[in-house]
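Engineer:
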Amino acid sequence: MKKITAILCLLFAAAAVNTAAAQDDAAAKAWMDFMTPGPMHTWMAKWNGSWEAELTQWMPGAPATKSKGTNEQSSIMNNRYTIGKFTTTMMGMPMQGQSMMGYDNAKKIFVSTWVDNFGSGIVYMTGTYDEATKTLNLKGRQTDPITGKDSELREEMKIIDDNTYMLIMYGTGMDGVEQKFMEGIFKRKK
Amino acid sequence: MKLTALTICSAAMLLFSCNDSGKDTAAKNDDAAKTTTPSDQTAVKKETPPAPAPDSATANKNMMEYGTPGDVHRMMAKWDGNWDAEVKFWMDPAAPPAVMNLKTVNKMVMNGLYQQATSTGSFNGMPFNGMSTTGYDNHRKMITSTWVDNMSSGIMYMEGTWDDATKSMNLKGKTTDPMTRQQNDVREVMKIVDDNTQVMEQYITHDGKESKAMEITFKRKK
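Note that the protein sequences, when read in sequence, are chains A and B.
Each number in the working numbering corresponds to the 1-based position in the first sequence with 24 added.
Each number in the working numbering corresponds to the 1-based position in the second sequence with 243 added.
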């Protein structure tokens with residue numbers, strides 16, 4: 025809510041005060057830069073659409089399990105954020121998840137959240153896109169569903185082509201060792 | 244798109260003529276901004292000492308508990324529905340606040356684990372949209388929440404506790420000031436007054452000094 029406060033305050037102030045100065049121009053530009061969707065937002069919107077996924081999941085001390093999934097991606101608020109509605113099965117039960125991604129123009133980083141019906145926490149991750157490897161690298165923290173401990177989480181979104189991407193998730197367990205726990209290949213629905 | 248352009252233009256014009264108290268801090272915080280880590284979450288590393296892995300029965304039980312709505316979720320579900328929100332905000336704590344009215348729709352999603360709230364309204368003729376997601380982390384016993392709106396590009400993440408004695412949630416987070424790129428502390432207290440009334444107060448710390456920035460009174464639509 026802080027951001028609204030800030031902009032609303034500015035707008036309100038504008039109604040009352042009239043002192044144009046170089047610094048105000050800079051402030052105005054800073055806010056415009058912050059709120060205006062840019063090339064990264066256009067990039068995010070490229071991944072809008074319907075996707076089908078082949079997923080592999082690894083649980084501690086158990087063999088890998090394979091499942092299918094879907095992801096419906098769409099933009100909200102004039103391309104500022106992308107919402108992904110994800111479905112699959114996990115341990116034989118239907119799983120639904122929702123991702124939200126933005127690009128923070130002020131910090132110049134991607135920001136992302138995740139919630140699903142298997143957990144009660146909110147995952148918040150931030151990171152950057154590496155053009156050389158065509159990979160979006162995100163890092164954040166999650167509540168470990170088994171131990172209940174706050175733990176590290178890492179995600180890679182590798183762009184293969186306009187109609188294919190891979191999603192790889194890594195978690196850091198109690199032993200402090202990072203392990204891959206999910207890998208998915210997403211293909212655009214024809 | 245035309246509407247967006249108009250909005251942006253009017254925002255720009257208004258901004259040109261305004262005074263932001265934070266601008267004085269822009270220069271001195273420049274260095275701080277440069278060294279800001281990409282993630283304010285990962286910046287705080289917690290020590291997690293090695294512990295024996297739980298047996299599979301315990302692991303399953305823990306996972307079930309983590310994803311099962313509890314008392315706090317059921318309480319949040321009672322807030323579902325349509326609300327009128329009166330938003331007051333202060334630029335100068337000594338001056339009277341500006342007022343804006345929003346319509347807010349609360350809806351539990353994901354099997355009753357999270358409340359999604361969408362708010363719509365306008366200010367000075369500019370359309371405003373915001374969305375929050377609020378959950379209760381069963382393992383960490385913490386309220387967690389996110390906020391996005393159409394006048395920014397970031398995601399504000401906050402977490403905190405539910406206090407049953409005062410019927411309030413106390414959330415804390417950080418957010419970037421686009422002018423200074425400084426990370427400011429932000430704090431929210433959401434008080435559940437009764438089944439049909441809620442009051443949210445927001446406080447922001449600028450240069451070590453906290454002041455009230457916003458107050459929203461939600462009243463359930465009859």
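Quick reminder that beta carbons are idealized off the backbone N, C-alpha and C, glycines included.
With respect to the alpha helix (DSSP H) encompassing B/R430, which residues constitute its N-terminal and C-terminal limits?
Structural biologist: Numbered from its first residue, the second sequence carries residue 430 of chain B at position 187. Element bounds for B/R430: not the alpha helix (DSSP H) but the beta strand (DSSP E), Q426 to D437.
Engineer: Residues of chain B with CB under 7 Å from A/G126, in chain order?
Structural biologist: Counted from its first residue, the first sequence places residue 126 of chain A at position 102. Per Cβ cutoff of 7 Å: V391, S396, G397 and I398.
Engineer: So, using beta-carbon positions, are A/M149 and A/K158 closer together than 8 Å?
Structural biologist: By one-based count along the first sequence, residue 149 of chain A stands at place 125. By one-based count along the first sequence, residue 158 of chain A stands at place 134. Not closer than 8 Å, so no.
Engineer: Quick check: what's the CA-CA separation for A/E180 versus A/N129?
Structural biologist: For the purposes of this step, residue 180 of chain A is identified with residue 156 of the first sequence, where counting begins at 1. For the purposes of this step, residue 129 of chain A is identified with residue 105 of the first sequence, where counting begins at 1. Taking the straight line from one Cα to the other gives about 21 Å.
Engineer: Taking the alpha-carbon of B/K410 as reference, which of B/I435, B/D420 and B/E431 has the nearest alpha-carbon?
Structural biologist: Working through the second sequence from its first residue, we reach residue 410 of chain B at position 167. Closest by alpha carbon: B/I435.
Engineer: So what's B/M319 in DSSP terms, helix, strand or just coil?
Structural biologist: For the purposes of this step, residue 319 of chain B is taken as the residue at position 76 of the second sequence. In this structure, B/M319 counts as helix in the three-state DSSP scheme.
Engineer: Could you tell me whether any Cβ in chain B is nearer than 8 Å to the Cβ of A/F58?
Structural biologist: Stepping through the first sequence from its first residue, residue 58 of chain A is reached at position 34. Interface residue, yes.
Engineer: Between A/N72 and the rest of its own chain, which residues show a CB-CB distance below 8 Å, the 5 nearest in sequence each way excluded?
Structural biologist: Within the first sequence, numbered from 1, the residue matching residue 72 of chain A stands at position 48. For A/N72, where only same-chain residues beyond five positions count, the Cβ hits under 8 Å are Q97, S98, S99 and T106.
Engineer: I'd like to know whether the C-beta atoms of A/W229 and A/F205 end up nearer to each other than 8 Å.
Structural biologist: Any answer about residue 229 of chain A is impossible in this case: the structure gives chain A only from 25 up to 214.
Engineer: According to DSSP, is A/T159 part of a helix, a strand, or is it coil?
Structural biologist: On the first sequence, position 135 is the one that residue 159 of chain A refers to. Strand at A/T159.
Engineer: DSSP three-state call for B/N303: helix, strand or coil?
Structural biologist: Here the question's residue 303 of chain B lines up with position 60 in the second sequence. If DSSP states are grouped into helix, strand and coil, B/N303 belongs with the helices.
Engineer: Using a C-beta cutoff of 8 Å, does B/R383 count as contacting chain A?
Structural biologist: By 1-based counting over the second sequence, the position of residue 383 of chain B is 140. Yes, B/R383 lies at the interface with chain A (some Cβ there is under 8 Å from its Cβ).
Engineer: Is it true that the stretch 407–426 of chain B meets the stretch 299–306 of chain B, where meeting means three or more beta-carbon pairs spaced less than 8 Å apart?
Structural biologist: Output reads no: the stretch 299–306 of chain B does not touch the stretch 407–426 of chain B.
Engineer: Which residue comes first and which comes last in the beta strand (DSSP E) that contains A/P118?
Structural biologist: Working through the first sequence from its first residue, we reach residue 118 of chain A at position 94. Counting along the chain, the beta strand (DSSP E) containing A/P118 begins and ends at M117 to D128.
Engineer: Measuring alpha carbon to alpha carbon, tell me which of B/G355, B/G313, B/K321 and B/D392 ends up nearest A/P61.
Structural biologist: Translated into the one-based positions of the first sequence, residue 61 of chain A becomes position 37. Of the listed residues, the one whose Cα sits closest to A/P61 is B/D392.
Engineer: Buried or exposed: A/V201, going by 16 or more other Cβ atoms within 10 Å of its Cβ?
Structural biologist: Translated into positions along the first sequence, residue 201 of chain A becomes position 177. The residue in question, A/V201, is exposed, as its Cβ has fewer than 16 Cβ neighbours within 10 Å.
Engineer: Give the single residue among B/Y309, B/M318, B/S388 and B/D314 whose Cα lies nearest to the Cα of B/D437.
Structural biologist: Within the second sequence, residue 437 of chain B is the residue found at index 194, counting from 1. Closest option to B/D437, Cα to Cα, is B/M318.
Engineer: Can you find the residues in the same chain that come closer than 6 Å, C-beta to C-beta, to B/Q359, ignoring five residues on each side of it along the sequence?
Structural biologist: In the second sequence, residue 359 of chain B corresponds to position 116, counting from 1. Contacts found: K350, V352 and T376.
Engineer: Within 8 Å of any Cβ in chain B, is that where the Cβ of A/Q120 sits?
Structural biologist: The count along the first sequence starts at 1 and reaches residue 120 of chain A at position 96. Yes, its Cβ sits closer than 8 Å to a Cβ of chain B.
Engineer: Near B/M399, what residues of its chain come up, given a Cβ to Cβ distance below 8 Å and the 5 sequence neighbours on each side ignored?
Structural biologist: Walking along the second sequence from the start, residue 399 of chain B turns up at place 156. Closer than 8 Å at the Cβ level, and outside the excluded window around B/M399, lie T389, W390, V391, G416, T418 and V429.
Engineer: What residues from chain C crowd round B/R424, counting only those whose CB sits closer than 7 Å?
Structural biologist: Note that chain C does not occur in the displayed structure, where the protein chains are A and B.
Engineer: Starting from A/T67, trace the alpha helix (DSSP H) both ways and give me its first and last residue.
Structural biologist: For the purposes of this step, residue 67 of chain A is taken as residue 43 along the first sequence, with counting starting at 1. For clarity, residue 67 of chain A is Trp in the given sequence; the question names Thr instead. First-last of the alpha helix (DSSP H) with A/W67: P63 to A69.
Engineer: Is the shortest distance between the beta-carbon of A/Y105 and the beta-carbons of chain B less than 8 Å?
Structural biologist: The residue labelled residue 105 of chain A in the question sits at position 81 within the first sequence. At least one chain B Cβ lies under 8 Å of A/Y105.
Engineer: Can you tell me whether A/A88 is helix, strand or coil according to DSSP?
Structural biologist: Within the first sequence, numbered from 1, the residue matching residue 88 of chain A stands at position 64. In the structure shown, A/A88 sits in coil (DSSP, three-state: anything other than H, G, I, E or B).
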